[in-house]
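Trainee:
Chains as they are written, first to last, in the numbering used here: chain A, 5 to 238; chain B, 3 to 163.
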């Protein structure tokens with residue numbers, strides 16, 4: 005299972021600290037999804053080898069409007085393994101699910117954003133993962149949290165119905181905000197998710213990373229076409 | 003009052019819990035217990051938290067890390083995990099919480115899961131991001147003091163001066 009984190013300077017812990025803590029907690033990998041205006045400087049191979057965990061580079065694009073987001077997606081698609089959109093407004097949610105180059109629509113329900121059947125169908129068609137963001141449940145309280153739980157339930161019903169691809173994350177900004185997979189599964193059960201649903205959503209980050217690495221690798225030419233092993237002409 | 007016969011006594015499970023916070027924060031047993039009950043009430047509701055019990059039976063805290071043993075009714079360990087996961091701060095200090103393991107006795111919980119790595123921590127100056135900073139180091143991790151807040155880092159991120 006993987007967790008997608010905001011590392012220093014976007015968050016309060018460095019990539020290495022996240023990787024170490026996540027490895028202790030039983031994660032197989034971390035996705036560094038710093039916002040595009042607060043990129044982290046790190047060496048994934050070295051950190052991964054030191055702590056025995058897969059470190060995946062990524063970005064979460066924060067934009068005011070779809071036009072700006074579109075430019076950023078073009079810039080980051082070739083260099084980052086996982087490209088996400090910082091969702092939350094109707095315009096950006098819509099942009100994200102209609103853009104096959106986007107991997108993840110992050111926290112679509114925050115700040116009054118919404119998902120409906122049209123967006124869910126578009127997400128299925130374009131393979132855009134919709135994120136279930138547990139941060140609000142873990143760290144808010146009172147009426148605010150009630151609304152967040154409501155929005156998660158709505159999202160779950162839509163995603164279930166259309167069988168839309170999804171990811172789950174606690175969206176941690178420091179190693180203190182990281183929670184172990186079993187804790188997230190237990191919390192999910194209280195919210196009406198099954199523990200398999202949560203585990204699957206955490207694992208989806210890893211599958212996504214593997215797929216994109218394969219697509220970006222040299223042996224991949226286009227879908228269905230691959231460089232095989234041929235005899236060398238002598 | 004007379005003790006209950008053994009088959010009627012509640013069965014308990016003991017959660018070995020690991021706590022972590024920034025080095026300048028203090029966490030007390032009472033405030034941890036209070037936050038745990040609040041979290042239980044908020045996530046599980048009154049009936050759920052009554053079922054789970056969630057009593058802190060052992061507590062130790064020093065130098066930004068701590069350990070606790072939480073008593074939970076058998077069969078309610080998953081709701082208890084959920085409540086523990088929702089503790090994000092104690093007395094205004096952000097905390098990391100993790101269940102290391104679950105045992106049937108306090109002694110087994112302590113022996114199997116707690117007290118393994120009591121590490122010494124110390125303040126040192128380090129170079130982090132091309133600037134010299136004070137940091138609190140323990141084992142192979144360290145919290146570097148920036149102007150207003152700490153940054154969690156490891157040995158890979160800084161050099162000692």
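Heads up, the beta-carbon is just placed ideally off N, CA and C, and yes, glycines get one too. These figures come from a predicted structure and were not determined experimentally.
(1) Using DSSP bridges, identify the partner residues of residue 64 of chain B.
(2) May I have the straight-line CA-CA distance separating residue 37 of chain A from residue 6 of chain B, to the nearest angstrom?
(3) Can you tell me whether residue 224 of chain A is buried or exposed? The criterion is at least 16 other CB atoms within 10 Å of its CB, across all chains shown.
(4) Does any C-beta atom of chain A lie closer than 7 Å to the C-beta of residue 96 of chain B?
(5) Of the residues B:52, B:12, B:57, B:14, which one's Cα is nearest the Cα of residue 31 of chain B?
(6) From this set, B:124, B:18, B:162, B:159, which residue's C-alpha is nearest residue 64 of chain B's C-alpha?
(7) Based on the DSSP secondary-structure assignment, which residues constitute the bridge partners of residue 132 of chain A?
(8) Using Cβ-Cβ distances below 8 Å, what residues of the segment 132 to 150 of chain A are close to chain B?
(9) Residues in the same chain with beta-carbon distance under 6 Å from residue 126 of chain A, minus the five sequence neighbours each way, listed in chain order, please.
(10) Under a three-way DSSP split, which group does residue 14 of chain B fall into?
(11) Counting pairs of Cβ atoms below 8 Å between the segment 52 to 65 of chain A and the segment 188 to 204 of chain A, do you hit three or more?
(12) Which whole-angstrom value is the C-beta distance of residue 158 of chain B and residue 32 of chain A, which I expect to be below 8 Å?
(13) Among A:13, A:7, A:14, A:40, which has the Cα closest to the Cα of residue 24 of chain A?
(14) Taking the alpha carbon of residue 167 of chain A as the reference point, which residue from A:121, A:147, A:156, A:153 has its own alpha carbon closest?
(15) Tell me, please, whether the CB atom of residue 67 of chain B is closer than 7 Å to any CB atom in chain A?
(16) Quick check for students: name the residue ranges of the beta strand (DSSP E) that lie wholly in the segment 54 to 101 of chain A, counting only runs of 3 or more.
(17) Restricting to Cα atoms, I'd like to know which of A:111, A:130, A:164 is closest to residue 138 of chain A.
(18) Using a Cβ-Cβ cut-off of less than 7 Å, give me the residues of the segment 12 to 38 of chain A that come near chain B, in sequence order.
(19) Hey, would you say residue 217 of chain A sits closer than 7 Å to residue 15 of chain A, going by beta carbons?
(20) Just checking, does the segment 101 to 115 of chain B make contact with the segment 33 to 50 of chain B on the three C-beta pairs under 8 Å criterion?
(21) Using the three-state DSSP reduction, which class does residue 163 of chain A fall into: helix, strand or coil?
(22) Would you tell me roughly how many angstroms separate the C-alpha atoms of residue 211 of chain A and residue 9 of chain B, rounded to the nearest one?
(23) For residue 42 of chain A, collect the residues of the same chain with a Cβ closer than 6 Å to its Cβ; drop the 5 residues on either side in sequence, then sort them by chain order.
(24) Cα separation between residue 106 of chain A and residue 61 of chain B?
(25) If we require 3 or more residues per run, which beta strand (DSSP E) segments fall completely within the segment 113 to 144 of chain B?
(26) Does the beta carbon of residue 183 of chain A sit closer than 7 Å to a beta carbon anywhere in chain B?
(27) Here's the rule: buried if 16 or more other CB atoms are within 10 angstroms of the residue's CB, otherwise exposed. What is residue 70 of chain A?
(28) For residue 90 of chain A, does the count of other Cβ atoms within 10 angstroms reach 16, so buried, or fall short, so exposed?
(29) Does the beta-carbon of residue 139 of chain B have 16 or more other beta-carbons within 10 angstroms, so that it is buried, or is it exposed?
(30) Would you mind working out which of B:163, B:149, B:144 sits nearest residue 155 of chain B, comparing C-alpha positions?
Mentor: Let's see:
(1) B:67
(2) 55 Å
(3) exposed
(4) yes
(5) B:57
(6) B:124
(7) Answer is none; residue 132 of chain A lacks a bridge partner.
(8) 141, 142, 143, 145, 149
(9) 101, 102
(10) strand
(11) no
(12) Rounded, the Cβ-Cβ distance is 19 Å, inconsistent with contact.
(13) A:7
(14) A:121
(15) no
(16) 58 to 65, 86 to 90
(17) A:111
(18) 12, 16, 17, 18, 20, 21, 24, 29
(19) no
(20) no
(21) helix
(22) 48 Å
(23) 13, 14
(24) 46 Å
(25) 123 to 130, 133 to 140
(26) yes
(27) buried
(28) buried
(29) buried
(30) B:144
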